[in-house]
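K.L.:
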Amino acid sequence: MKIKKGDLVQVITGKDRGKQGKVIVAYPRENRVLVEGVNRVKKHTKAGQTARGSKTGGIVTTEAPVHVSNVQLVVEKDGKKVVTRVGYRFDDDGNKIRVAKRTGEDI
Numbered sequence: 887m888k889i890k891k892g893d894l895v896q897v898i899t900g901k902d903r904g905k906q907g908k909v910i911v912a913y914p915r916e917n918r919v920l921v922e923g924v925n926r927v928k929k930h931t932k933a934g935q936t937a938r939g940s941k942t943g944g945i946v947t948t949e950a951p952v953h954v955s956n957v958q959l960v961v962e963k964d965g966k967k968v969v970t971r972v973g974y975r976f977d978d979d980g981n982k983i984r985v986a987k988r989t990g991e992d993i
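Heads up: the sequence shown begins at 887 in the numbering used here, then just goes up one per residue.
Quick look at the structure:
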């Protein structure tokens, strides 16, 4: 998967199109990523009590995973944020390095 945890990505399709956020968790086996502030869903949690006796539960809003094909990496070029595809190259030591296709810079 070309998107990793900590990357800044932009949603390119769906109800949250155009939103940008940081990748919180990557799920490579499912080809999904969890992006902060994107694909927010409401979950109903069961009511209960804490040790102090206060009530818990109700409706909680959290992020849900998004398919990796619906997000694109964002890099900064000359102070502007640009969306780009990701490529790979090998350095002199044989290490694999991610490269922004649009700007040509290492990520």
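We treat Cβ as the ideally placed atom computed from N, Cα and C, and that holds for glycine. In this text, all values refer to a predicted model and were calculated from it rather than measured experimentally.
Please return the same chain residues whose Cβ sits closer than 6 Å to the Cβ of Gly907, not counting the five positions on each side in sequence.
P.N.:
So the qualifying residues of the chain are Val921, Glu922, Gly923, Val924.
K.L.:
Starting from Ala986, trace the beta strand (DSSP E) in both directions and tell me its first and last residue.
P.N.:
982 to 986 is the extent of the beta strand (DSSP E) around Ala986.
K.L.:
Report whether the distance from the Cβ of Thr931 to the nearest heavy atom of the ligand SAH is below 6 Å.
P.N.:
Here there are no bound small molecules, and the ligand SAH is not part of this structure.
K.L.:
Going by other Cβ atoms of all chains shown within 10 Å of its Cβ, with 16 needed for buried, is Ile983 buried or exposed?
P.N.:
Exposed.
K.L.:
Could you check the C-alpha separation between Ala937 and Val961 for me, to the nearest Å?
P.N.:
Spanning the two alpha carbons is a distance of roughly 46 Å.
K.L.:
Measuring straight from C-alpha to C-alpha, what distance separates Lys987 and Leu894?
P.N.:
Near 16 Å, if we compare the C-alpha coordinates of Leu894 and Lys987.
K.L.:
For Ile910, which residues in the same chain have their Cβ closer than 6 Å to its Cβ, ignoring the five residues on either side in sequence?
P.N.:
Closer than 6 Å at the Cβ level, and outside the excluded window around Ile910, lie Leu920, Glu922.
K.L.:
On a CA-only basis, which of Lys966, Lys967, Val954, Lys941 is nearest Glu916? Give me that one, please.
P.N.:
Of the listed residues, the one whose Cα sits closest to Glu916 is Val954.
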